[in-house]
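> The structure's right below; bear with me while I get my questions together.
Protein chains: 4
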Amino acid sequence: MIPRYSRPEMVAIWEPEARYQIWFEIEAHAMDALVTLGVVPADAAKAVWERGKFEVARIDEIERETRHDVIAFLTNLAEHVGPEARFVHQGMTSSDVLDTCLSVQLARAADILIADTDALLAAIKRRAYEHKDTPTMGRSHGIHAEPTTFGLKLAQAYAEFVRCRARLVAAREEIATCAISGAVGTFANIDPAVEAHVAKAMHLTIEPVSTQVIPRDRHAMFFATLGVVAGSVERLATEIRHLQRTEVLEAEEYFAPGQKGSSAMPHKRNPVLTENLTGLARLVRGYVTPALENVALWHERDISHSSVERMIGPDSTITLDFALHRLTGVIDKLLIYPDRMLKNLNKMGGLIHSQRILLALTQAGASREDSYRLVQRNAMKVWESDGQLQLFDLLIADPEVTAWLPVAQLEPLFDLGYHLKHVDTIFNRVFA
Amino acid sequence: MIPRYSRPEMVAIWEPEARYQIWFEIEAHAMDALVTLGVVPADAAKAVWERGKFEVARIDEIERETRHDVIAFLTNLAEHVGPEARFVHQGMTSSDVLDTCLSVQLARAADILIADTDALLAAIKRRAYEHKDTPTMGRSHGIHAEPTTFGLKLAQAYAEFVRCRARLVAAREEIATCAISGAVGTFANIDPAVEAHVAKAMHLTIEPVSTQVIPRDRHAMFFATLGVVAGSVERLATEIRHLQRTEVLEAEEYFAPGQKGSSAMPHKRNPVLTENLTGLARLVRGYVTPALENVALWHERDISHSSVERMIGPDSTITLDFALHRLTGVIDKLLIYPDRMLKNLNKMGGLIHSQRILLALTQAGASREDSYRLVQRNAMKVWESDGQLQLFDLLIADPEVTAWLPVAQLEPLFDLGYHLKHVDTIFNRVFA
Amino acid sequence: MIPRYSRPEMVAIWEPEARYQIWFEIEAHAMDALVTLGVVPADAAKAVWERGKFEVARIDEIERETRHDVIAFLTNLAEHVGPEARFVHQGMTSSDVLDTCLSVQLARAADILIADTDALLAAIKRRAYEHKDTPTMGRSHGIHAEPTTFGLKLAQAYAEFVRCRARLVAAREEIATCAISGAVGTFANIDPAVEAHVAKAMHLTIEPVSTQVIPRDRHAMFFATLGVVAGSVERLATEIRHLQRTEVLEAEEYFAPGQKGSSAMPHKRNPVLTENLTGLARLVRGYVTPALENVALWHERDISHSSVERMIGPDSTITLDFALHRLTGVIDKLLIYPDRMLKNLNKMGGLIHSQRILLALTQAGASREDSYRLVQRNAMKVWESDGQLQLFDLLIADPEVTAWLPVAQLEPLFDLGYHLKHVDTIFNRVFA
Amino acid sequence: MIPRYSRPEMVAIWEPEARYQIWFEIEAHAMDALVTLGVVPADAAKAVWERGKFEVARIDEIERETRHDVIAFLTNLAEHVGPEARFVHQGMTSSDVLDTCLSVQLARAADILIADTDALLAAIKRRAYEHKDTPTMGRSHGIHAEPTTFGLKLAQAYAEFVRCRARLVAAREEIATCAISGAVGTFANIDPAVEAHVAKAMHLTIEPVSTQVIPRDRHAMFFATLGVVAGSVERLATEIRHLQRTEVLEAEEYFAPGQKGSSAMPHKRNPVLTENLTGLARLVRGYVTPALENVALWHERDISHSSVERMIGPDSTITLDFALHRLTGVIDKLLIYPDRMLKNLNKMGGLIHSQRILLALTQAGASREDSYRLVQRNAMKVWESDGQLQLFDLLIADPEVTAWLPVAQLEPLFDLGYHLKHVDTIFNRVFA
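Protein chains in written order, with this note's numbering: chain A, 8 to 439; chain B, 8 to 439; chain C, 8 to 439; chain D, 8 to 439.
Now the structure itself:
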């Protein structure tokens, strides 16, 4: 995590203050349950809730000596609570606290990521409707194919992020479980009722069977999901990078007056935000593999997952949060150039209508092979003229073509509206 | 894909015969819809259904010339259908066929994987109940921790694969969509009704917005899910490898009479199946990254995803199918040694009860620090005696301990049943 | 491995025939050494060399029963050799044969990859010199920056693949070792002299210390290197894909007369080869992670690496061989359009000279900040005019600019040659 | 990067102070070269060297406004240098500074990693000689195979880290290049002599051909190499984790008096350092993929690599530095238990001699199949007796065995020394 690519709300989840606060709540709620069970006196729970507090610096100090973070926390807590502190953590293991805390943190992180996605969806939707009918070139293989609209491009992105949102919701559900089951998950020293009580209080579900730790397939699924979402961030970022290329220039990241695109070349306006998003996507995807490798812990648990999660827990959620937010800003303020879109669309002398002509020839009775040959031989001339020749002109001068399709039938085939007639249908599917 | 790690049913999905059959069905169903729309004559659809067939070898032959698989298929189909063939594929693009076909293949592959998981779950459940109450050592960090039962170990695996199953169901849903939307997804040359008809006939949902291709975030999620499942396969395989270690030997892969464990060392019985599963898990996880990289196609599509999917589509599903099946066999026939489990459990002179004694000291009024120190100093002697000394003997000889806990109170703390009292609770959570 | 992305020479290395032939040679050479050591009779070695042969089908048949490939091979070999066969494999373990064989296969695969790289380098060099002085746009962030030459673009690729070649040579060296050291690498049952003899005969070095297996850090380094080379393949492929975009069209993959770019759109000429290379690069990179995970085998060895290598050994070398060869063909026949390059270069009204003007203003005495501001404010007008305005015209009309640089000093700053004066220097560095 | 897994020397390389200092040196050395070339006045260079300094906080302040780190640095520098500052950075681009700086940082990081490896090698060597002749069980598949020595286990690790060291040296060489070649690498505005001068002054080689940036295949190779080294760290860590398992307990991480292994179970001594190393290895490996994805930048450069490197540059080098250092400490203080090794070695009733007996039977004239059958049938009885039966006793009671090998010939086959006779040979290979 580096400040440059971080937002405070997500960072806060991962700060010691927040972590210890969650630990405190888990321990205190557990005491309430233990009181109910008659295991600890009611006064002890009361003391913890009333006098319980902690200081990060003091915990650090103790940890330097004990080399055990939970023990350091409990020691610091005891300094405030007093003798009743000996009932804290009764029958629990460190992992009961650590793993349940991680669940809370990941669930909160997921909440932010879901909210980020909602903001992104809102931005995409607004711009999509704004340009629902703005004709633009559809490209396959980077090559002009057939017309589409800029709104449709954004509708695709919208539908993709709706899926991402659903995946994040599922990932959150995967991870939001509570385990307070003791050293190997048998509840030997702690009643299952404690787990149930803490789970409810912390808005988690209970882990049906744990083994000191919450099983790491849950976390693997969580981080894998972030990797998929990062892929979608990269897709939309890549689209914008392409559109901003000098020769295309159909859209541009917002460029503030006075901004410097390059220290050396004053003329530059670079898509640096979306390039940055491409890099951030690589990072978030890179965290997937360590998370997958974390699943196969030894027997009831080993601690190899811990260092991995200390890094990728914050790094992946902070980075993806930043990326989603940055992407929202990019979309929100994106400079869109309909004139240039139209200019590009018309650049290739009508080639974009080649399929329709092919179909018309077939429907007029020409064989598929002949139709293809007739269109291709004229299209290639246009192609090689770099758009100087017009396909329509060549076709009407080709008697083999006009034998099947006279000029009057050819002309309407070059109508742009033909390609855009189902835009509303698709918008209804996506946004309804 | 190599035969050694393949099963015929899954392989069949990926064979040319199956692929072309799906293509045929897509094309033929599309024609039915085009007939309904009045775009092509009813006779043409009838001709396709009645006379349509194909030969893999002939398609290969044509493809060597045209270098285009869909065109080769259509040409071969036309050889059988005759002149009505010119109505086939009307207004469609190759991707309409290819991507919808891939959806069908992945959905069928998912069905097999789900069935595999069901078989695995059944095997785990049977063995779990068989050993519900078989005491065994619970280990954290590879070190004896506290007792559990072998049934609980398997219950954990069961719960994990129940989650895997749910993930596979979700992954199947992600992928089971149909796109017949034309060159850039605008339905310019084909009515959306065709897509709807084919989707229904092929048991798919419609893709709300496609761009010649079905968006690859769906496939990324699918392959990422397989990677997570592979992680769970590795976890259970690793458990068995550990249990079969010579010094542990609490369970063994079935070893057939006459089987040779090693060409050089006739005494060997190696956990080769679960080691193999560990390797297969690496492979399936390795396919996740290319799938994630496939998401960010250029503009409406580029074809970089295609070679990736030609490889990882079969490789990941065939490998995971084989792995799940192999794991089922391993569990089903696993040799389980309760006597050895008990022997290991008792190996460390009662150290496994250390937490309970710690708690009892605390509850008797000793401070947490003192309690820890008292138990640890006796436990370390047992530890260093390699199980020759018994913790109980040392404790009753330690006056600082007996000051808090007299012998009569110490004795019942060494009861194994204490650890197993919630087994039924957990089984109810997992299997109910 | 699928035929579509395979070349026969590399495939042959991985076929059973080749593998068994290497096994045979290892066993026979080992016998020669054992004869020298007096361990086995000279006749036995003679018998093996003279009568030793094998049949793949027969080995398969035996393996189906014994489930052990080396035992199956030895049994089949014995059927031909007769009683002297009992001296074959004396004191050896299967891994001695398997691992040394894999070394031979990977070394041969590396030889082909190195030769592939040589062919690619030759093609790049030829085209680089052909276009050493062809001016073309240099682009950072996809945005016009300053002029370069097409030869320089290729010189960069050349230097990169020279590095790739050196890495492949180093990777080959890493992997070309021989281990014949017995069950745990102690040479208990076989003298180190056998290893030395076989190593020399098979053109390998000896493995200083093995543990039944050759350590897998060597293989990890090998496959990681292939992943890096794949990255370089992707870089050059991506460059060509960009150059072929309709709006750029400065180069094109060769398009054969009669070729069909799209079944639906007869006008299309798509960069499908380089898109394919992008996908193949993803695959080769995807094999790196499993290879890295193979390093940490348990104790003296476990067999988890084996299934991984059975897949990625062939898949990564075959795919990269195919990719390098395909890329060579693409470069060799690449259609290059100098006119279009020049047209694009001039497209932005002289903006490409902005840095030089900035420097000239600074050198004339303007502050860096003022200079930047003056150039940028004029450059942005050109930018927004979409190349309709010329930077030169605006500058000479800006009195703040001409106060520092009069027209006569501005004019020569727009000289293209200024940018190309060091082309020979760079070519000397790269190709000398 | 988190403090818990960081060491100050490596962290320092990546701190702003260090980075700006390198920037300063690059700029100042470049000025010297420009003076020599007559491009800038000698006084300007002198002023920079004499008055040039910077403040991190001030640069941050400026950057918040300009959003460009190099411009912020230059502005701050100018505040100290005065008017001569306008000659600083003459003809250079930001990347000239940034990329050359990254080379210096990575080279310095490599130096530390190489020194770390040297320290690790020294520790391994010392312990290897200490236990050169300590017999211990060699295990394949986690199953007892044949005897080896603990020194040989460490000799293997030594040889592996010797290879790692060589790879780090090569990786350092890959990365230690300098590029000062201008906006697209043509040296349009800066003479190649500047690059040569700065390269020499900063102990780098010149980059033969750059394109504003140093090509990222170099960095990919660097980070891939770190991933391989991490794999070797994991291998040795895994070995120790296995040896510390309760049932094996042949070695243990050092456990300080008063240390707490578990907050709940006072008896625990867990291999937490090596488990931690396993996790850290996953992290370092996880950074390989983003580095590989960074290679294919668009055209002359895009900036997608930048965010990746800002994270993985520090994270991978700091983590690996920490891991190598921690592993050195683990080896250095490792508690090694020769008695327990011998006890385990003898645990399986002499099964570890099975191969030697097999060979002796063959050499006595029995067929390979018969020999195998005879040894296996007795070995399996020992196996199933859990080491209660002795192989020797069973063999001498098996008339089919004694028919080939009478007792007097069987007895010497159970000699441990037989397995250790080549230890010196291997030590000479590894340490000579």
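Glycine included, C-beta positions come from ideal geometry on N, C-alpha and C.
Compare the C-beta of Glu246(D) with all C-beta atoms of chain C and state if any pair is closer than 8 Å.
yes
> In the segment 185-214 of chain D, which residues sit with their C-beta less than 7 Å from some C-beta in chain A, listed in chain order?
Residues of the segment 185-214 of chain D that bring their beta carbon within less than 7 Å of a beta carbon in chain A comprise Ala190, in sequence order.
> May I ask you to list the residues that DSSP assigns as paired with Ala258(D)?
For Ala258(D), the pairing in a beta bridge is given by DSSP as Ile343(D).
> Roughly how many angstroms lie between the CA atoms of Glu24(C) and Ile325(C), to the nearest whole one?
17 Å
> Please report the residue range of the beta strand (DSSP E) in which Ile150(A) lies.
150-156
> Measure the CB-CB distance between Asp328(C) and Asp123(C) and report whether it falls below 8 Å.
Yes, Cβ-Cβ distance for Asp328(C) and Asp123(C) is below 8 Å.
> In the DSSP assignment, find the unbroken alpha helix (DSSP H) run with Ser239(C) in it and report its ends.
For Ser239(C), the enclosing alpha helix (DSSP H) stretches over residues 224-251.
> May I ask you to list, following chain order, the residues of the segment 334-361 of chain A that have a beta carbon less than 8 Å from some beta carbon of chain D?
none
> Pro278(A) versus chain C: which residues are under 8 Å apart at the beta carbon?
His148, Gly149, Ile150
> Does the CB of Pro228(C) have a neighbour CB from chain D at under 8 Å?
What sits at residue 228(C) in the sequence shown is Met, not Pro. Interface residue, yes.
> Which bits of chain D does Trp390(B) rub up against, with CB to CB less than 7 Å?
His274, Arg276
> Apply the 10 Å Cβ neighbour rule to Gln395(D) and answer buried if 16 or more other Cβ atoms are within range, or exposed otherwise.
exposed
> If you draw a straight line from the C-alpha of Glu16(C) to the C-alpha of Gly336(D), how long is it?
49 Å
> Is Asp393(D) close to chain B, meaning its C-beta is less than 8 Å from at least one C-beta of that chain?
yes
> Take Asn4(D) as the anchor and find which of Val216(C), Pro90(C), Glu137(C), Thr143(C) has the nearest alpha-carbon.
Summary: the structure shown does not reach residue 4(D), with chain D confined to residues 8 through 439, and so no result is reported for it.
> Determine, using beta-carbon pairs with one atom in the segment 191-211 of chain A and one in the segment 248-258 of chain A, whether at least three such pairs fall under 8 Å.
no
> Whose CA, out of Ala244(C), His204(C), Val235(C), Leu109(C), lies closest to the CA of Cys171(C)?
Val235(C)
> Is Thr281(D) helix, strand or coil when you go by DSSP?
DSSP, read as helix, strand or coil, puts Thr281(D) in helix.
> Could you list which residues in chain D have their beta carbon closer than 8 Å to that of Tyr379(B), in chain order?
Lys267, Pro273
> With DSSP run on the structure shown, which of helix, strand or coil describes Met348(C)?
helix
> If the cut-off is 9 Å on Cβ atoms, which residues from the segment 249-260 of chain B count as contacting chain D, listed in chain order?
His249, Gln251, Arg252, Thr253, Glu254, Val255, Leu256
> Put Ile213(B) into one of helix, strand or coil per three-state DSSP.
DSSP places Ile213(B) in the strand class (E or B) of the three-state scheme.
> Between the C-alpha atoms of Ser110(D) and Tyr27(D), what's the straight-line distance to the nearest angstrom?
14 Å
> Report the three-state DSSP secondary structure of Met355(A) (helix, strand or coil).
Met355(A) sits in coil when the DSSP states are folded into three classes, being neither helix nor strand.
> Do you know offhand how far Ser313(D)'s Cα is from Asn283(A)'s?
7 Å
> Measure the alpha-carbon distance for Arg380(D) versus Pro413(D) and round it to whole angstroms.
18 Å
> Assuming Ile310(A) and Val279(D) form a contact by the criterion Cβ under 8 Å, report the distance between their Cβ atoms to the nearest whole angstrom.
About 6 Å; that satisfies the 8 Å criterion.
> Check this for me: beta carbons of Glu257(C) and Tyr344(C), under 8 Å apart or not?
yes
> Could you name the residues of chain A that Leu287(D) contacts, counting a contact when the two beta carbons are closer than 7 Å?
What Leu287(D) touches in chain A: Ser314.
> So, with DSSP's three-state summary, where would you put Gly145(B)?
strand
> Which partner residues does Cys185(B) have in the DSSP bridge list?
Answer is Ile213(B).
> Taking its Cβ as the centre, do 16 or more other Cβ atoms sit within 10 Å of Pro90(A), making it buried, or is it exposed?
exposed
> Among Leu161(C), Leu113(C), Arg363(C), Thr218(C), which residue has its Cα nearest to the Cα of Asp339(C)?
Leu161(C)
> Comparing the C-beta of His332(B) with each C-beta of chain C, is any distance below 8 Å?
Taking a beta-carbon distance threshold of 8 Å, His332(B) does not count as an interface residue toward chain C.
> Going by DSSP, what residue range makes up the alpha helix (DSSP H) through Leu304(B)?
Premise fails: Leu304(B) is in no alpha helix (DSSP H) and is neither H nor E.
> Are the C-beta atoms of Thr432(B) and some chain A residue less than 8 Å apart?
yes
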